[in-house]
Amino acid sequence: MKAKELIKNAKIIRPQDVLNREVTGIFYDSRKVVPGSIFVAIHGFSVDGNAFVQDAVEKGASIIVTEKKDLVLPANVGLVVVDNSRKTLAEMAAIYYNFPSEKMTVVGVTGTKGKTSTSVIIKKIFEQSSFKTGLIGTIQYEIGQRIVPSANTTPESVDIQLFLSEMLGNDLTHVVIEVSSHALDQGRVEFINFDSGVFTNIATHEHLDYHKNFKNYLSAKLQFFSHYLPESKKKNKHAIINLDDGHSGIFIKTAKFSRLNIVTYGLSKKAQYHPDSFSFDRTGTSFILGGKKFSTKLLGVANLYNCLAAIATASASGIDLDTIATAIAGIENIPGRMEFINAGQQFTVVVDYAHTHQALEELLRTIRYLNPSRILLVFGCGGNRDKSKRPLMGKVAAKMADIVYITSDNPRDEDPDKIIDDIYRGIVLWRRKKCKIVPDRREAITKAIMDAREGDWVVIAGKGHERYQIIQNTYHPFDDRKVAYEVLRSMKV
C-alpha cells in the first residue's frame, strides 16, 4: 500500500516522493520498526515518541509522522507533520487494515468497575449463539485460538486494528472491547465502528493520577456516547446504560442527543432490564427476569449488574433469553474476580481485583451478607496512582473486615512504606488495633491464611488476575492466586 493512501490532511515537509512510497507497516514503538515502514511519534503519559525517532530511522523507517515541525532527519527519510499524531495513527491503521470493524459486530464496554466481567459474559453469550467472538480487554486479548497477554486494557489504535483484521481472517464475526478512559481520551478507538456501547458505572476516585479530577474523568467516559459511538458507520446503534448509577442521567442525556437507541438495566424497576427478584449464596446468584429464571456461579450484587448489562446487550443484538440463560449458567468464574482458591481447607479464600474504595466496600458487603465467622482482608494500594483513594480504602477495610493485613500492591517507584502510611491515615484510632502492617505481600497472604479458622473468609484484594508485581518499575512474577494455593498446600489441609 502506498503512503498516499494512508496519509490524509497532513503536511508533507520532504522529500516530494514520500506519497508514492510503499509502506510495509505502521508502528509507534521504535523497537518493532521494519524497513520501509512508517513510524508515528506519539506522546505517551510519561514518554515522548519523538525521543525514539533516531532508533526508528536506524531500523529502516521510511517515513516519520510527528507533530514537531523542526525534526532533523536524513535526506532519504520522509517527514510528515500532523496536528494530532494519535488520531493520524488511528486513521492510518484503519485504512491499512481495510476497516475490519465495518465487517464485524463490535461491542464496547466502558466504566470504572465491571468492564472485564461484563465483557466476558457478553462474549460467552455470543458464543452460545454460535458466533465466533474475539475479546480485547484487561486480562488478555483473545484472537480466535491465539491468546495475547494484555499490556493495556485497551491497546493502541494500530494494535486494535491489527487484532480485528486477524480476527476477521479467522472468521470471527463478533468482538467485545473493553474501552478505558485513557483510550477514550487519547483517541485509541477512533475509526472503530461500534454497534453498541455499554456503560457500567463511574467512581469518583479512579485514574485521577491521569485525569487530574473527576470532571475530566467523566468527560472522557462520556466521549464514548458523544463521539465514538455516534461516529460509527453502523446502523441502529445502542447505548446500554446502568440506570442505577448516580451519573446515569448525563449518560442518557448524551446518548439521546447523539440519537442512539437507549437500553437501560439495573435493580430499579424503572430499568428496562431489571430482576423481579434475586438471591445469592456461597454457590452463586439466581434471579428472575422477563419471567425467565437465571442462575450463575458468579457471586453477588456486582455480578448481578454485570449479568444484567450482558443480557441487555445481547437482547439488543437479537439473542433470545433462553440462549442467554444457558450461556450465563455455564460460566465458572471470571479470572481474578471473586475467584475462589480451594485446596480442601475449612475456610474460604477468595481473590478479587477490587482496587477502589467503592469496589472494596461492595466486595466486603457481599461477603458479610454470607455470614462468615470472620473476614481476614489482605490489600494494598498501587504506587504512582491516585493517592486520595488510599485513606478511603483504609477506612473501608478497617470498618468492614475483622482483621486487616495492609501490604504492598504494585508500588512501582514509590516507597511501599509511604503508601502504607497513606492507607493507615484513613483508619480511625479505635480500629487500628485490628490492622497488621505486613509490607511483603507474600508474607501478608501467608499470615492471613495461617491465621484463618473454620468458617472464616480470607479476602485477597487489589491485584486479581495480575501475574506480576511492579517494584521500581520492574515486573516481578507474582500471582495472588498461585501464592494462596501454595500456602494452602503447604499447610496440608
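The sequence shown begins at 1003 in my numbering and counts up one residue at a time.
Even glycine gets a Cβ: it sits at the ideal position worked out from N, Cα and C.
None of these values were measured; they are calculated from a predicted model.
#1: Which runs of the alpha helix (DSSP H), 4 residues or longer, sit entirely within the region 1377-1422?
#2: Please name the residue in Ala-1096, Tyr-1219, Lys-1217 and Thr-1266 whose C-alpha comes closest to that of His-1240.
#3: May I ask which residues mark the beginning and end of the beta strand (DSSP E) holding Asp-1283?
#4: Give the list of continuous beta strand (DSSP E) stretches no shorter than 3 residues that lie fully inside the region 1315-1359.
#5: Curious, which full-length alpha helix (DSSP H) runs of at least 4 residues does the region 1059-1117 contain?
#6: What residues are listed by DSSP as bridge partners for Gln-1142?
#7: So what does DSSP say about Arg-1016, is it helix, strand or coil?
#8: Short check: CB of Leu-1362 to CB of Met-1395, under 8 Å?
#9: Among residues of its own chain, excluding the 5 on either side of Thr-1175, which ones have a beta-carbon nearer than 8 Å to its beta-carbon?
#10: Give the range of the alpha helix (DSSP H) segment to which Ser-1492 is assigned.
#11: From Gly-1320 to Val-1109, what does the alpha carbon distance come to, in whole angstroms?
#12: Opposite Gln-1056 in the DSSP bridges: which residues?
#13: For Ala-1356, which residues of its own chain have a beta-carbon under 6 Å away from its beta-carbon, when the five flanking residues on both sides are left out?
#14: Would you please state the rounded distance, in angstroms, between the beta carbons of Met-1340 and Leu-1372? I believe it to be under 8 Å.
#15: Distance, Cα to Cα, Ser-1492 vs Val-1440?
#16: Please classify Glu-1093 as buried or exposed, where buried requires at least 16 other C-beta atoms within 10 Å of its C-beta.
#17: Where do the ends of the beta strand (DSSP E) carrying Phe-1201 lie?
#18: Hey, Ile-1242 and Phe-1201: beta-carbon distance below 8 Å or not?
#19: Going by beta-carbon coordinates alone, are Ala-1257 and Phe-1282 separated by less than 8 Å?
#20: Take Ala-1446 as the anchor and find which of Val-1489, Val-1177 and Tyr-1098 has the nearest alpha-carbon.
#21: Buried or exposed: where does Ile-1290 fall if 16 or more other Cβ atoms within 10 Å of its Cβ makes it buried?
#22: Count the other CB atoms within 10 Å of the CB of Met-1169; is the residue buried (16 or more) or exposed (fewer)?
#23: Have a look at Leu-1021 and Gly-1027 and give me their C-alpha separation to the nearest angstrom.
#24: Could you give the first and the last residue of the continuous alpha helix (DSSP H) run that contains Phe-1011?
#25: Taking DSSP as the reference, what is the three-state secondary structure of Gln-1188?
#26: Quick check: what's the CA-CA separation for Lys-1117 versus Val-1111?
#27: Between the alpha carbons of His-1045 and Ala-1053, how many angstroms are there, rounded?
#28: Give the secondary structure of Asp-1161 by DSSP, where H, G and I count as helix, E and B as strand, and everything else as coil.
#29: Along the chain, where does the beta strand (DSSP E) containing Asn-1218 start, and where does it finish?
#30: Look up Tyr-1426 in the DSSP assignment and say whether it is helix, strand or coil.
#31: Quick check on Val-1067: buried or exposed, where buried means 16 or more other Cβ atoms within 10 Å of its Cβ?
#32: According to the Cβ coordinates, are Met-1393 and Gly-1428 closer than 8 Å?
#33: Any idea what DSSP makes of Ser-1297, helix, strand or coil?
#34: To which residues of the same chain is Ala-1185 closer than 6 Å at the C-beta, ignoring the five residues directly before and after it?
#35: Return the CA-CA distance between Asn-1238 and Ser-1270, expressed in angstroms with no decimal places.
#36: Measuring only the C-alpha atoms, how far is Arg-1088 from Asn-1344?
Taking the structure as given:
#1: 1391-1402
#2: Thr-1266
#3: 1279-1283
#4: 1350-1354
#5: 1087-1098
#6: Pro-1151
#7: strand
#8: yes
#9: Met-1106, Thr-1107, Phe-1133, Lys-1134 and Thr-1135
#10: 1482-1492
#11: 14 Å
#12: Bridge partners of Gln-1056: none, in fact.
#13: Leu-1362, Leu-1365 and Ala-1463
#14: Going by Cβ atoms, the distance from Met-1340 to Leu-1372 rounds to 11 Å, so no, they are not a contact pair.
#15: 20 Å
#16: buried
#17: 1198-1201
#18: yes
#19: no
#20: Val-1489
#21: exposed
#22: buried
#23: 15 Å
#24: Checking the sequence shown, residue 1011 turns out to be Asn, not Phe. First-last for Asn-1011: undefined, no H or E at that position.
#25: helix
#26: 6 Å
#27: 10 Å
#28: helix
#29: Where Asn-1218 is concerned, there is no enclosing beta strand (DSSP E), although the alpha helix (DSSP H) it sits in stretches over 1216-1225.
#30: helix
#31: buried
#32: Inspection of the sequence shows that residue 1393 is occupied by Pro rather than by Met. In this structure, Gly-1428 lies closer than 8 Å to Pro-1393 by Cβ.
#33: strand
#34: Thr-1156 and Val-1191
#35: 26 Å
#36: 45 Å
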